[in-house]
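Protein chains in written order, with this note's numbering: chain A, 131 to 356; chain S, 131 to 356. Glycine included, every Cβ here is placed at the ideal spot set by N, Cα and C. If you're wondering where the values come from, they're calculated on a predicted model, not measured in any experiment. One structure below.
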DNA sequence: TTAATGCTTCGTCTATGGTCAAACTATGAA
DNA sequence: TTCATAGTTTGACCATAGACGAAGCATTAA
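The following block contains the structure:
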């Protein structure tokens, strides 16, 4: 038996349905209160409190006190990517949650995946960037080409600043609704932010759905998926 | 509650210590038998069997039957990367396993697998026989060529007698230490027997380790892996 | 102060699921 | 054939941990 990191601890943490629901809800990047998370998981506040305590202890979540509320959010991007990886694999294996709820086609079209664009539009964006030569895919590695960098700068994204950070510039992320890949990483986040700034899209309150205006969607496809 | 992939299922699967140990052991890419995995996890074969069944059902592992053994390996690279992500995060969070155990490098070099030679030397032998045209591989079928038969006769092996038996003359066998194939079947057994007879190697008492003399190893490689 | 809300802690209950021994099946060797 | 080894299945046992209600803090508003 070798020594090494204990993945069982992490797995068990994610392996409880209530906690998994909480984590999934937090993948939008938005911070939620303890009560909201309890409702999201379908448990009483008392039980939720126990779960949140464990998630905090493992540093999967961070907490911010604000008045009588406690807001919880994913601890960092790494936790987000781990959850994304898990969802991708679960989707491929056909492991779907059975609990029914409002079926949401909007969620399938465009939503935040942690903090970048996912859904059909996210996939279109990604594939458009590939075919137009802005991105290159080699063996699961995704890189921004010179032409792509120029195009991004022109679109109002400071690629140099993004590259200087610790975070990977480009990363592919498996989309669970369409089972195809979309763009994650610092660039993915920056692009989504720019879409907000330009008024092309905005996030629906308390949901992971992103609503694009008619013209916004059109411009997005023209610009990147032509 | 939204619909989506069920990451709790995956998490719970990885969250059990015994299963986590098995998965971690398989991260080298090597295939291991059910018994070996049981030992790795520190549980009885019965319990291991239950766990392996679950991991197979979730398509986290794939299985290859080989004689009395069942070799298990990670299903694909995606499972591997998920585990790596988990280990990375666990390491960063300071979640470390403490259990330690011995690992035998001699076992890795040369050992008996049933009655034939396995380990690095076994793999070298097999690959040498292929490249020198003594063996031919077609779609998991392994056959001795005419040139190979002559060479074996010259080496002191009565191929005709082996062929008359019920047992298959040549068979490939997956090597767990290098995850490559080596030679099994009647010919594999006969070759190992000849190595013993010639004094090139002998079997260590009460162990699966085979010790080759310096000259024996050299002659083996000269003869078959030149 | 009092009341209301948000959340946590405590005590208890319960069920899920991991564990093993023993019996059984399957494959190979003698 | 008979024996040995590898692995699975079954059934019983039991520990873990997730669930809730009630009570206890903490913060805000009046």
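Who are the neighbours of residue i on chain A, taking C-beta pairs under 9 Å?
i: residue 282/S; result: Chain A residues near residue 282/S: none, gap ~40 Å exceeds 9 Å.
Are the beta-carbon atoms of residue i and residue j separated by less than 7 Å?
i: residue 318/S; j: residue 331/S; result: no
i: residue 181/S; j: residue 148/S; result: yes
i: residue 283/S; j: residue 289/S; result: yes
i: residue 209/S; j: residue 190/S; result: yes
i: residue 292/S; j: residue 320/S; result: yes
i: residue 192/S; j: residue 178/S; result: no
i: residue 201/A; j: residue 161/A; result: yes
i: residue 151/A; j: residue 166/A; result: no
i: residue 316/A; j: residue 246/A; result: no
i: residue 241/A; j: residue 340/A; result: yes
i: residue 137/A; j: residue 220/S; result: yes
i: residue 218/A; j: residue 142/S; result: no
i: residue 265/A; j: residue 278/A; result: yes
i: residue 281/A; j: residue 355/A; result: no
i: residue 286/A; j: residue 333/A; result: no
i: residue 213/A; j: residue 153/A; result: yes
Who are the neighbours of residue i on chain A, taking C-beta pairs under 7 Å?
i: residue 223/S; result: 188, 189
Let me confirm a value: residue i is counted as buried when at least 16 other C-beta atoms fall within 10 Å, else exposed. Which label applies?
i: residue 301/A; result: buried
i: residue 158/A; result: buried
i: residue 271/A; result: exposed
i: residue 207/A; result: buried
i: residue 139/A; result: buried
i: residue 194/A; result: exposed
i: residue 294/A; result: exposed
i: residue 215/A; result: buried
i: residue 311/A; result: buried
i: residue 328/A; result: exposed
i: residue 231/A; result: Residue placement at residue 231/A is flagged as unreliable, the pLDDT there being 34, under the threshold of 50; a coordinate-derived value is accordingly withheld.
i: residue 84/A; result: Residue numbering for chain A in the displayed model covers 131 to 356; residue 84/A lies beyond these limits and cannot be assessed.
i: residue 197/S; result: exposed
Can you list the residues of chain S that residue i reaches, using a CB-CB cut of under 7 Å?
i: residue 146/A; result: 138
For residue i, which of helix, strand or coil comes out of DSSP?
i: residue 246/S; result: strand
i: residue 302/S; result: strand
i: residue 161/A; result: coil
i: residue 148/A; result: helix
i: residue 133/A; result: Unreliable positioning characterises residue 133/A in this predicted model, as indicated by a pLDDT of 47, which lies under 50. The coordinate reading is nonetheless provided below. Note: residue 133/A maps to coil in three-state DSSP.
i: residue 207/A; result: helix
i: residue 322/S; result: helix
i: residue 268/A; result: strand
i: residue 285/S; result: coil
i: residue 189/A; result: coil
i: residue 223/S; result: coil
i: residue 171/S; result: helix
i: residue 238/S; result: helix
i: residue 314/A; result: strand
i: residue 275/A; result: coil
i: residue 293/S; result: helix
i: residue 334/A; result: coil
i: residue 349/A; result: helix
i: residue 215/A; result: helix
i: residue 262/S; result: coil
Along chain A, in chain order, which residues have C-beta atoms closer than 8 Å to that of residue i?
i: residue 150/S; result: 136, 137, 138, 141
Regarding residue i and the ligand FAD, is the C-beta to nearest heavy atom distance less than 6 Å?
i: residue 328/S; result: Judged by which ligands are present, the structure shown has none, so any question about the ligand FAD falls away.
### Message
By the 9 Å beta-carbon criterion, what residues does the segment 207-219 of chain A contribute toward chain S?
### Response
208, 209, 211, 212, 213, 215, 216, 217, 218, 219
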